[in-house]
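*Asks:* Each number in the numbering used here comes from the position in the sequence shown (counting from 1) with 89 added on.
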Amino acid sequence: MNARATWLFAAVLAGAPWAFGEDSVTPERRALFGDLHIHTMFSFDAFLGSVRTTPDHAYRYARGEPIPHPSGETLRLSGAPLDFLAVTDHGEYLGVHAALIDPASATYGHPDTDLFVPSLSRQESNERIPNLLQAMNGSTAAADPVIATAWKKSVAAAERHNDPGAFTALIGYEYTPTPGGRHLHRNVIFRGSDVPELPFTWRDSGDPSDLWAWLDAKRAAGIEAMGIPHNTNQSDGLAFMETTWEGEPIDAEFAAARARNEP
90 MNARATWLFA AVLAGAPWAF GEDSVTPERR ALFGDLHIHT MFSFDAFLGS
140 VRTTPDHAYR YARGEPIPHP SGETLRLSGA PLDFLAVTDH GEYLGVHAAL
190 IDPASATYGH PDTDLFVPSL SRQESNERIP NLLQAMNGST AAADPVIATA
240 WKKSVAAAER HNDPGAFTAL IGYEYTPTPG GRHLHRNVIF RGSDVPELPF
290 TWRDSGDPSD LWAWLDAKRA AGIEAMGIPH NTNQSDGLAF METTWEGEPI
340 DAEFAAARAR NEP
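1) Buried or exposed for residue 109, please, with buried defined as at least 16 other CB atoms from any protein chain shown within 10 angstroms of its CB.
2) Between the segment 167 to 185 and the segment 262 to 278, can you find at least three pairs of beta-carbon atoms closer than 8 Å?
3) Comparing alpha-carbon positions, which option in 155, 242, 185 and 327 lies nearest residue 270?
4) Whole beta strand (DSSP E) runs in the segment 266 to 295 with 3 or more residues, listed along the chain?
5) Who are the Cβ neighbours of residue 186 in its own chain at under 6 Å, not counting the five residues just before and after it?
6) Using 8 Å as the threshold, is the C-beta distance between residue 289 and residue 313 below it?
7) Taking residue 133 as part of the alpha helix (DSSP H), name the residues at either end of that continuous run.
8) Rounded to whole angstroms, what is the Cα-Cα separation between residue 173 and residue 251?
9) Just verifying my parser: in three-state terms, what is the DSSP assignment at residue 352?
10) Suppose the cutoff is 6 Å on Cβ atoms and the five residues either side in sequence are ignored; what does the same chain contact list for residue 256 look like?
11) Can you tell me where the beta strand (DSSP E) with residue 327 in it begins and where it stops?
12) Under the three-state reduction of DSSP, which class applies to residue 262: helix, strand or coil?
13) Quick check on the DSSP output: the beta strand (DSSP E) that includes residue 318 runs from which residue to which?
14) Going by C-alpha to C-alpha distance, which of 193, 272 and 349 sits closest to residue 239?
15) Which of the three DSSP states is assigned to residue 253 in this structure?
16) Within a Cβ cutoff of 6 Å, which residues of the same chain sit near residue 123, ignoring the five residues on either side of it in sequence?
17) Have a look at the DSSP bridge pairing and note the partners of residue 174.
18) Pop quiz: residue 333 and residue 298 are said to be a contact at Cβ under 8 Å. What is the actual Cβ separation, rounded to whole angstroms?
19) Determine the contact status of residue 127 and residue 183, defining contact as a CB-CB distance below 8 Å.
20) Under 8 Å Cβ to Cβ from residue 324, same chain only, skipping five residues before and after it: list those, please.
21) Would you decide whether residue 139 is buried or exposed? Buried here means 16 or more other CB atoms lie within 10 Å of its CB.
Here you go:
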C-alpha cells in the first residue's frame with residue numbers, strides 16, 4: 090500500500106468526521122487541470138505548421154514559464170500553471186522532419202530540406218511533401234535511429250520537469266493510424282519512467298488490437314501504459330465497429346483486451 094493510500098485508510102479507521110467545505114478537500118479529491126494531447130516540432134504536422142517548440146518548451150509553458158515564439162514574442166499562460174501535461178507527438182517518424190534542419194543530425198542536408206524554407210510557396214511545399222514522405226517511407230530502418238533520439242529527448246524532458254506533488258509531466262506519444270482519412274488515433278500514456286526503446290506506431294500495425302497486444306506485452310515486462318482514443322468523431326464510425334479488423338464479430342476476449350488497455 091502506498092503512502093497516500095495508507096494515510097487515507099488510517100483516517101477512515103480513526104473515524105475522521107465528514108465535513109463539507111474547501112478545507113475538507115483531500116489530495117485524492119482535488120480537481121486537477123492539464124492537457125494530454127500536445128504536439129511539438131517533433132510531430133510532422135506541427136513542424137510543417139511552423140511550430141519550433143520542443144517538449145522542453147511545452148513543459149515549461151505548462152508550468153507557467155515564458156517560452157519564445159517564432160515571431161520574436163514571448164508566450165506565457167495568462168492563468169494558473171497546469172497540474173499535469175503529456176507531450177504526445179506522433180510516434181510515426183517522431184522527430185525525423187525536425188532533424189532535417191538540425192546540423193547535428195545525420196539526416197541534415199536531405200535534398201528536400203529546403204521544403205521548409207519560408208520563401209517556398211505553400212503550393213510548392215504541398216507538391217514536394219509527397220516526395221519527402223516517399224523517401225522516408227522507403228528507408229524506415231534509416232529513420233529509426235533518428236526516432237529513437239527524438240523519443241529519448243521527449244522522455245528526458247518529462248523526467249526533468251516532473252515534480253511530484255506540484256506538477257506531473259507524463260511520458261507519452263500519439264498512435265495515429267488514419268485509414269482512408271478516418272482517425273483511429275490514440276494517446277498512449279505511460280504510468281512511470283519505464284518506457285520502451287521505440288513507440289509502437291502504424292508503421293508496426295494500423296490495427297488498434299495490435300497496439301493492445303503490444304501494451305499487454307510491455308505490461309508483462311513491467312512497463313505500464315494505457316491508450317486514450319482521440320478524435321473518434323473523425324473516424325467515420327470506424328472507431329465503433331462491431332467487428333474486428335479482419336471482419337470477425339468482436340467477442341469477450343476482444344472486449345477484455347480493449348477494456349484492459351483503454352479503460
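Backbone N, C-alpha and C define an ideal beta-carbon position, used for all residues, glycine too.
*Replies:* The relevant details are as follows:
1) With a pLDDT of 40 at residue 109, under the threshold of 50, the modelled position of that residue is not reliable, and no figure is offered here.
2) The segment 262 to 278 makes contact with the segment 167 to 185, as at least three CB pairs between them are under 8 Å.
3) Closest by alpha carbon: 327.
4) Qualifying beta strand (DSSP E) stretches, in chain order: 275 to 279.
5) Around residue 186: 133 and 136.
6) In this structure, the beta-carbon distance from residue 289 to residue 313 does not fall below 8 Å.
7) For residue 133, the enclosing alpha helix (DSSP H) stretches over residues 133 to 137.
8) Rounded to whole angstroms, the separation of the alpha carbons of residue 251 and residue 173 is 9 Å.
9) Coil at residue 352, not helix or strand.
10) Only residues of its own chain outside the window of five on either side were considered, and among them 152 have a CB closer than 6 Å to the CB of residue 256, listed in chain order.
11) Note, residue 327: premise wrong, no beta strand (DSSP E); not H, not E.
12) Correct three-state label for residue 262: strand.
13) Boundaries of the beta strand (DSSP E) around residue 318: 314 to 318.
14) Nearest to residue 239 by C-alpha distance, out of 193, 272 and 349, is 193.
15) Residue state, collapsed to three classes: coil.
16) Here the set comprises 171, 172, 173 and 174.
17) 124 and 258.
18) Their Cβ separation, rounded to whole angstroms, is 7 Å, which keeps residue 333 and residue 298 in contact under 8 Å.
19) Taking C-beta atoms as the reference points, residue 127 and residue 183 fail to come closer than 8 Å.
20) The residues are 271, 272 and 273.
21) The residue is exposed, with fewer than 16 neighbouring Cβ atoms inside 10 Å.
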